[in-house]
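Peer 1:
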Amino acid sequence: MTGKTIHVFGVCVLILFLLPAPPDARAQMVIGQYSDEAPLRTWNNYGLLSALSGGMGNVRFTLADDAAAGSVNPSLPALGASFQLAFSGSISTVSLNRYGIVNTGVLVTQSDNAAGLFPLFDAAALTFRWRGWGIGIGYGPLESYSRPKTIYEASDAGEVYYQLEFLQQGLLRNAHLALSRAFGASVSIGVGVNVIGGEWEKTVREERRTLGITITDHKTESYSGLYFTGGITVRPHSKLTLAAVVRTPFTRQSEGTSLYRYVSPLGGTDIQIPASAANRTEMPAVAGVGFSYVPSNTVRLVSDITFFLWNRYRFEYFEEELERDFKNSLKWNNGFEFINRLRLFGRNLVNPMRIGFIYDPQPMRTPNSRYLYLTLGMGLTWPHASLDFGTMFGWESGSGDNLTVYRSFISLTIHSLKGDLR
Amino acid sequence: MKGLPTERYPRSSPRLQKKKERLFLILILCLPLLFVSPVSPAAQDYGDRDIISLSGTEDILSKLKGLSLDFLMEWKGRVYIVASPTDLVRLQERNIPYVLESDRFYRRLFSETAAQTSLNGAFHSYAETERELMTLAQDHPLIARVVDLGDSLEGRNIYALKISRNVHLDENKPAMLITGCHHAREWISVEVALLFCRHLLENDALNADIKALIDSGEVWVVPVVNPDGLEYSIHSYRYWRKNRRNNGTASFGVDLNRNYGHMWGYDEVGSSSDPDSEVYRGTGAFSEPESQAIRDLFSRRDFRALISYHSYSQVILYPWGYKHDPSVDEGLLAGLARQMADLMRPVNGRDYGVERAGDGFYLTNGDTTDWAYGEYGVPAYTIELPPVDQLYGGFFNSEADIQSIFAENLPAMLFLLNWTVSDSGSDLPFRSDSPKTDTKRKPAKIKSPRR
Numbered sequence: 439m440t441g442k443t444i445h446v447f448g449v450c451v452l453i454l455f456l457l458p459a460p461p462d463a464r465a466q467m468v469i470g471q472y473s474d475e476a477p478l479r480t481w482n483n484y485g486l487l488s489a490l491s492g493g494m495g496n497v498r499f500t501l502a503d504d505a506a507a508g509s510v511n512p513s514l515p516a517l518g519a520s521f522q523l524a525f526s527g528s529i530s531t532v533s534l535n536r537y538g539i540v541n542t543g544v545l546v547t548q549s550d551n552a553a554g555l556f557p558l559f560d561a562a563a564l565t566f567r568w569r570g571w572g573i574g575i576g577y578g579p580l581e582s583y584s585r586p587k588t589i590y591e592a593s594d595a596g597e598v599y600y601q602l603e604f605l606q607q608g609l610l611r612n613a614h615l616a617l618s619r620a621f622g623a624s625v626s627i628g629v630g631v632n633v634i635g636g637e638w639e640k641t642v643r644e645e646r647r648t649l650g651i652t653i654t655d656h657k658t659e660s661y662s663g664l665y666f667t668g669g670i671t672v673r674p675h676s677k678l679t680l681a682a683v684v685r686t687p688f689t690r691q692s693e694g695t696s697l698y699r700y701v702s703p704l705g706g707t708d709i710q711i712p713a714s715a716a717n718r719t720e721m722p723a724v725a726g727v728g729f730s731y732v733p734s735n736t737v738r739l740v741s742d743i744t745f746f747l748w749n750r751y752r753f754e755y756f757e758e759e760l761e762r763d764f765k766n767s768l769k770w771n772n773g774f775e776f777i778n779r780l781r782l783f784g785r786n787l788v789n790p791m792r793i794g795f796i797y798d799p800q801p802m803r804t805p806n807s808r809y810l811y812l813t814l815g816m817g818l819t820w821p822h823a824s825l826d827f828g829t830m831f832g833w834e835s836g837s838g839d840n841l842t843v844y845r846s847f848i849s850l851t852i853h854s855l856k857g858d859l860r
Numbered sequence: 025m026k027g028l029p030t031e032r033y034p035r036s037s038p039r040l041q042k043k044k045e046r047l048f049l050i051l052i053l054c055l056p057l058l059f060v061s062p063v064s065p066a067a068q069d070y071g072d073r074d075i076i077s078l079s080g081t082e083d084i085l086s087k088l089k090g091l092s093l094d095f096l097m098e099w100k101g102r103v104y105i106v107a108s109p110t111d112l113v114r115l116q117e118r119n120i121p122y123v124l125e126s127d128r129f130y131r132r133l134f135s136e137t138a139a140q141t142s143l144n145g146a147f148h149s150y151a152e153t154e155r156e157l158m159t160l161a162q163d164h165p166l167i168a169r170v171v172d173l174g175d176s177l178e179g180r181n182i183y184a185l186k187i188s189r190n191v192h193l194d195e196n197k198p199a200m201l202i203t204g205c206h207h208a209r210e211w212i213s214v215e216v217a218l219l220f221c222r223h224l225l226e227n228d229a230l231n232a233d234i235k236a237l238i239d240s241g242e243v244w245v246v247p248v249v250n251p252d253g254l255e256y257s258i259h260s261y262r263y264w265r266k267n268r269r270n271n272g273t274a275s276f277g278v279d280l281n282r283n284y285g286h287m288w289g290y291d292e293v294g295s296s297s298d299p300d301s302e303v304y305r306g307t308g309a310f311s312e313p314e315s316q317a318i319r320d321l322f323s324r325r326d327f328r329a330l331i332s333y334h335s336y337s338q339v340i341l342y343p344w345g346y347k348h349d350p351s352v353d354e355g356l357l358a359g360l361a362r363q364m365a366d367l368m369r370p371v372n373g374r375d376y377g378v379e380r381a382g383d384g385f386y387l388t389n390g391d392t393t394d395w396a397y398g399e400y401g402v403p404a405y406t407i408e409l410p411p412v413d414q415l416y417g418g419f420f421n422s423e424a425d426i427q428s429i430f431a432e433n434l435p436a437m438l439f440l441l442n443w444t445v446s447d448s449g450s451d452l453p454f455r456s457d458s459p460k461t462d463t464k465r466k467p468a469k470i471k472s473p474r475r
């Protein structure tokens, strides 16, 4: 291992892992968007995430070497390694600004008070290529609806006489099965079926202990749904890959329950207002195109453009359609990869270094906000396995809240190749 | 694949290929397992018992002696107990306050038996109120008309239902105004107002007295003055009171019933200049579009009486609210209120108190009734609906109580409407003793409802 290689490797490790998470990182929670169904971070979610793409601008449409990318482009497994099995996870520090009853008039926190840590398993993905057929299977969370738990207590002489508590948790999971077929020399077409499921729960609980009064607002949802993906990948040249993808619109169905309850034992009062409903969220169709250009053995340029048809978004909640004034959005992901080769621990390793940029406009008309992300990533690839790391920093503008996002990924991939996956 | 860089994807040996195929099949078969939720330990079944917590003070603990309670744990100065219904009764008999904690320890699936319904059950949301008003107007097109008084801060329509014979004509008949939901959490006030509309319309053809009232007068009902607050109360925080004005620095809301233009901001007792306060009066009189909507409506019609419905306390309040002193019309105002209370009592046996707001209740400045009386010289009442206090539900009313609360208020509303139509001419204007700021009635010009 040369001194120069050690230097580059060391610097990259420092950049990626010694950078502390911004203490005031905030997620995508702005006024008009403190609605309970808002996903953490961005609204523009599509498919499963991994460290490989996460460090490279989260570009995925043409990345056959990313097992999780089959969730967005089902034609990729027919072009990738004959076998890939990847596990990805991430951590994300989040300190929300406005959500639920917090900082919307009831519970007031200082900017950093509502910090939370959301460790997340991101994806388990398998791709398999055999005689021109490709199959991809993946499972992982699509969206998180969890919020930091927030409690306010008022006390007198050390005894709490009033308490207000807010708690919300939720996750939407996705499993996909992609089937693809390579035609001729350089074309692959694929379709995917995706099943979603998940839970959501919110509790607002108020205690007036002096009088023994408890007021509870408890709501739950249980999600289900099905959607399809399609993709075509074309390699007109050994250095160029083009892809087009589509996701069908789908209905995220949920069985919702609600209970308002007022209990005053001293008055013999127990008032309950229960409700249940079949809720529906009309999730938008997605379409996108991407390219990957490999001018040399050491460089790769990638880009995706994704169109989210948000103006068709509808949210029907307990027999009422809640107004969400959304516009369509066009997300732009870009990445660059440089292949570094090094010898580490007595082995020859491939060490991709990645950088990316994302422009991610949010669907709300008011405020008109967007995220700009910078991503960094690196990998270590040795025969039949690779380890990837990625970090995303996002800065929001437009809401006036200067929201930021920080997320760090790690992926382990076991594969059939003796070297670089690309 | 021909044309692809196959040298990077070498084919496996037949033996390895078979292994891969087997592995693939195993993984495919395992896929359904991903959707199997991890089995959670069965929740403790406490049957009909509840977990409660009590203050761990010596005073409380001494009262517990001899009760043979099932102590669960002590945590953060509270004692947790598994209590049977009998235990709860005994605690209540000893006047020991406790907090119900069962929901924290195990989930009670009340919703399993809940009918498919909207979040607030039999109470009306903004959208349901809108539908109800439209339906009433469509079903009774000759005597009911929906009028859009303007938009709330978040763009919702503030609706009024006008009920009168020849409803589409401006005949300038003596009118009475009924409002509900100035305060978001007071859901019952919406129901009483809506049910009154329905009662009048459905009995027009059946009841000669009601027909006469509709012939001779106008009833204007604004069931939801504060639609943004109502929606926030339903979806986010049940006990929200104000509108949804963003005051900055995470402070939201103006108390609409402190935002009217008579003696607005008179002192810091009857309202507050602090945006965080529950009784924040806003940056100026009528700074809020919701109160402006009521002001503009009132200025354009010949209103002779007003009832503003609120909860809770079970009391009829009359001006003044901004000071302790009685108005010069104390006798008339109190007399009408007492007659209303007398009519309400026999219905369900509930006794509504009659009080001058600033004297018997608490001081309020910038409220609806002081403004209507102070500026227009008409009798104006705040009726605080049941329950009587927090122990019996506070701002919560059970769905089963909606009809009975309406029923006992119906004779009061009809009485004041009858007075409006028949007697107000001889009594009005009252001699309000406060300086007036806006008594000029403007010509009728009301927008058609947006659908």
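So the sequence lines, in the order shown, correspond to chains A and B. If you read the first sequence in our numbering, its first letter stands for residue 439, the second for the next number, and so on. If you read the second sequence in our numbering, its first letter stands for residue 25, the second for the next number, and so on. Glycine residues also receive a C-beta, built at the ideal position from the N, C-alpha and C atoms. Because the structure is a prediction, the values reported are computed rather than measured.
From the DSSP output, in three-state form, read off W288/B for me.
Peer 2: If DSSP states are grouped into helix, strand and coil, W288/B belongs with coil.
Peer 1: So T159/B is in the alpha helix (DSSP H); what residue range does that whole segment cover?
Peer 2: T159/B -> alpha helix (DSSP H) spans 150-163.
Peer 1: Taking only beta-carbon positions, decide if D413/B is within less than 9 Å of chain A.
Peer 2: Closer than 9 Å to some Cβ of chain A, the Cβ of D413/B qualifies, so yes.
Peer 1: So, does the CB of W395/B fall closer than 9 Å to a CB anywhere in chain A?
Peer 2: It does not; no Cβ of chain A falls within 9 Å.
Peer 1: For M97/B, count neighbouring Cβ atoms within 10 angstroms of its own Cβ and tell me buried if that reaches 16, exposed if not.
Peer 2: The residue in question, M97/B, is exposed, as its Cβ has fewer than 16 Cβ neighbours within 10 Å.
Peer 1: Within 9 Å (strictly less), CB to CB, does K657/A reach chain B?
Peer 2: Cβ-Cβ to chain B under 9 Å: yes for K657/A.
Peer 1: CB-CB under 8 Å to H334/B, same chain, minus the five flanking residues each way: which ones, in chain order?
Peer 2: So the qualifying residues of the chain are H206, H207, E210, S213, N281, T406, I407, E408, L409.
Peer 1: Among R479/A, D474/A, P477/A, S491/A, which residue has its Cα nearest to the Cα of I793/A?
Peer 2: Comparing Cα positions, the closest option is S491/A.
Peer 1: Taking the beta carbon of D83/B as the centre, do at least 16 other beta carbons fall within 10 Å, making it buried, or is it exposed?
Peer 2: D83/B is exposed by the Cβ-count criterion.
Peer 1: Go through the segment 228-294 of chain B residue by residue and report every complete run of the beta strand (DSSP E) that reaches 3 residues or more, in order.
Peer 2: 242-246, 270-272, all fully within the segment 228-294 of chain B.
Peer 1: Would I539/A count as contacting chain B if we go by Cβ distances under 9 Å?
Peer 2: Yes - at least one Cβ of chain B is within 9 Å of the one on I539/A.
Peer 1: Using a threshold of 9 Å, state whether the C-beta atoms of L341/B and A381/B are closer than that.
Peer 2: Against a cut-off of 9 Å, the Cβ pair of A381/B and L341/B comes out as a contact.
Peer 1: Pairs of beta-carbons, one from the segment 839-855 of chain A and one from the segment 539-548 of chain A, closer than 8 Å: are there three or more?
Peer 2: No: fewer than three Cβ pairs fall under 8 Å.
Peer 1: For the beta strand (DSSP E) holding Y600/A, just list the boundary residues, first then last.
Peer 2: That run of the beta strand (DSSP E) goes 597-621.
Peer 1: Interface residues of chain B around E834/A at Cβ under 7 Å?
Peer 2: Simply none; closest approach about 18 Å.
Peer 1: By a C-beta neighbour count over all protein chains shown, 10 Å radius and 16 as the cutoff for buried, is L219/B buried or exposed?
Peer 2: The residue in question, L219/B, is buried, as its Cβ has 16 or more Cβ neighbours within 10 Å.
Peer 1: Using a Cβ-Cβ cut-off of 6 Å (strictly less than) and excluding sequence neighbours within five positions of P512/A, which residues of its own chain qualify?
Peer 2: Answer for P512/A: A616, S618, G628, V629, G630, T667, G669, listed in chain order.
Peer 1: Between the segment 244-252 of chain B and the segment 284-294 of chain B, are three or more C-beta pairs nearer than 8 Å?
Peer 2: Cβ pair count under 8 Å is below three, so no.
Peer 1: Can you tell me where the beta strand (DSSP E) holding N181/B begins and where it ends?
Peer 2: Unbroken beta strand (DSSP E) run through N181/B: 181-187.
Peer 1: Please list the partners that A151/B has in chain A, where partner means a Cβ-to-Cβ separation under 7 Å.
Peer 2: Those are E758, listed as they occur along chain A.
Peer 1: Could you work out which residues of chain B lie near Y698/A, taking near to mean beta carbons separated by less than 7 Å?
Peer 2: Under the 7 Å cutoff, chain B gives R262.
Peer 1: By the 10 Å Cβ neighbour count, where 16 or more other Cβ atoms means buried, how is N119/B classified, buried or exposed?
Peer 2: Per the 10 Å Cβ criterion, exposed.
Peer 1: I want to see whether chain A comes within less than 9 Å of F95/B, judged by CB atoms only; does it?
Peer 2: Chain A, which has no Cβ nearer than 9 Å to the Cβ of F95/B, makes this no.
Peer 1: Please state whether the Cβ-Cβ distance between G572/A and P515/A is less than 9 Å.
Peer 2: A contact, by the Cβ cut-off of 9 Å.
Peer 1: Could you pull out every residue in the same chain whose Cβ sits closer than 7 Å to the Cβ of T184/B, ignoring the five residues on either side in sequence?
Peer 2: Sequence inspection shows Ala at residue 184/B; the Thr mentioned does not correspond to that position. Once the five neighbours on either side are set aside, the close Cβ partners of A184/B are V171, L173, W244, V245, V246, L321.
Peer 1: Listing by chain order, which chain A residues have their CB less than 7 Å from the CB of S142/B?
Peer 2: In chain order: A713, F756, E757, E758.
Peer 1: Please identify, using Cβ separations under 8 Å, the residues of the segment 421-437 of chain B that lie next to chain A, in order along the chain.
Peer 2: Within the segment 421-437 of chain B, the residues whose Cβ lies closer than 8 Å to some Cβ of chain A are N421, S422, E423, listed in chain order.
Peer 1: Just the chain A side, please: which residues come within less than 7 Å of G101/B by C-beta, in chain order?
Peer 2: What G101/B touches in chain A: E597.
Peer 1: Can you check DSSP and say which residues form a bridge with P198/B?
Peer 2: DSSP, once it has assigned bridges, lists no residue as partnering P198/B.
Peer 1: If I measure Cβ to Cβ from I238/B and keep anything under 8 Å in the same chain, skipping five residues before and after, which residues do I get?
Peer 2: Only I167, I187, S188, R189, L224, D228 meet the Cβ criterion.
Peer 1: Evaluate R269/B with the Cβ neighbour count: other Cβ atoms within 10 Å of its Cβ, from every protein chain shown; 16 or more gives buried, anything less gives exposed.
Peer 2: Buried, because 16 or more other Cβ atoms sit within 10 Å of the Cβ of R269/B.
Peer 1: Anything in chain A within Cβ reach of R276/B, meaning under 8 Å, just list it in chain order.
Peer 2: Reading off the sequence shown, one finds Phe at residue 276/B, where the question assumed Arg. In chain order: T542, G543.
Peer 1: Identify every residue that forms a DSSP beta bridge with R738/A.
Peer 2: In the DSSP output, where bridge partners are listed per residue, R738/A has E775/A.
Peer 1: With 9 Å set as the bound, which would you pick, yes or no: does the beta-carbon of G425/A sit closer than that to a beta-carbon of chain B?
Peer 2: Absent from the structure is residue 425/A, since the part of chain A shown begins at 439 and ends at 860.
Peer 1: Assuming T679/A and T500/A form a contact by the criterion Cβ under 8 Å, report the distance between their Cβ atoms to the nearest whole angstrom.
Peer 2: The Cβ separation is near 4 Å, so the contact holds.
Peer 1: Could you give the distance in angstroms between the alpha-carbon of Y755/A and the alpha-carbon of W748/A?
Peer 2: Between Y755/A and W748/A, the C-alpha separation is close to 18 Å.
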